[in-house]
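When you line the sequence shown up against our numbering, it's residues 6 to 72, in that order.
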Amino acid sequence: MQPNLQDVLNAGIGLIRASEEAVGQAVANAQKTFEDLKNKGASDFSDSAIKAREALASALRVTGAQG
């Protein structure tokens, strides 16, 4: 009976480690995707992008918030 309990414990430890690795990879992927999107948006100088930035800047001035 004891080897079965040890196997279950080891499987649980393995699951925890695998989950930690998966979460770490998901966070890294999300950060990279955010950076890619941010850079793509920053390089957009279309009229709509400029107007959106101006609207945000204006809203932040009115509320006293900083972006």
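All C-beta atoms in this analysis are idealised placements derived from N, C-alpha and C, irrespective of residue type, glycine included.
Asked: Report whether the distance from the Cβ of aspartate 52 to the nearest heavy atom of the ligand ZN is below 8 Å.; Found: For the ligand ZN, the structure offers nothing, since it holds no ligand at all.
Asked: Measuring only the C-alpha atoms, how far is asparagine 15 from alanine 23?; Found: 12 Å
Asked: What does the alpha-carbon distance come out to for the pair glutamine 36 and leucine 42?; Found: 10 Å
Asked: Taking Cβ to Cβ, would you say alanine 54 is nearer than 9 Å to glycine 46?; Found: yes
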